[in-house]
Every structure is written in structure tokens, then in C-alpha cells.
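Q: Dumping the structure here so I can ask a few things about it.
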Amino acid sequence: MSRFDADKLIDATGPAVDLPIAVGHRPGVVVHLEAAHEAMQKMRGLTLDSHAEPAPVFRPDEQT
1485 MSRFDADKLI DATGPAVDLP IAVGHRPGVV VHLEAAHEAM QKMRGLTLDS
1535 HAEPAPVFRP DEQT
């Protein structure tokens, strides 16, 4: 498996969604993308038992 490269992800997706990242902000964006990737890797192998139910979805326009 190839190593996650946050810089490549920023370079590829930022322009595609018209999201400029200021030079001074890039290190923080990299840190957060790497943290998100690490969390996703931990969740990837997680299995839920048959009694697990999905969490409710928050919809701000709906009253509960």
C-alpha cells in the first residue's frame, strides 16, 4: 500500500474545488489531513456487531 501524502492530496484537490490554501496555512492543513487519514485507517478495520444501530442524522431544518 502506498503512503498517504497530504501534500499531493492538497495539490490535486485544492484547485479542483477552487480552494486556495495560503502558504502559511498549508502545514496546519497537512497535519489535519494526516490526523483524519490516521483516524480513517483505525476505523477501516472496525466491525460492528449485528445489534449496532446507526446514529441519528442531524438536520437543522427539521424540528425534533
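In this note's numbering, the protein residues as written are 1485 to 1548. Think of the CB as a built atom: it goes at the ideal place given N, C-alpha and C, for glycine as much as any other residue. Keep in mind the model is a prediction, meaning the values are calculated, not measured.
1) Have a look at residue 1503 and residue 1516 and give me their C-alpha separation to the nearest angstrom.
2) In the DSSP assignment, find the alpha helix (DSSP H) that holds residue 1512 and state where it starts and stops.
3) Work out the CA separation of residue 1528 and residue 1556 for me, nearest whole Å.
4) Rounded to whole angstroms, what is the Cα-Cα separation between residue 1520 and residue 1500?
5) Select from 1511, 1518, 1509, 1506 the residue whose C-alpha is nearest the C-alpha of residue 1489.
6) Suppose the cutoff is 8 Å on Cβ atoms and the five residues either side in sequence are ignored; what does the same chain contact list for residue 1505 look like?
A: So, from the data block:
1) About 16 Å.
2) It spans 1510-1528 - the alpha helix (DSSP H) in which residue 1512 sits, taken as one unbroken run.
3) With the chain represented from 1485 up to 1548, any question about residue 1556 goes unanswered, as that position is not in the structure.
4) Using only the alpha carbons, I get a separation of about 20 Å.
5) From the listed residues 1511, 1518, 1509, 1506, the smallest Cα separation to residue 1489 is found for 1518.
6) In its chain, beyond the 5 residues on either side, 1494, 1498, 1513 have a beta carbon closer than 8 Å to the beta carbon of residue 1505.
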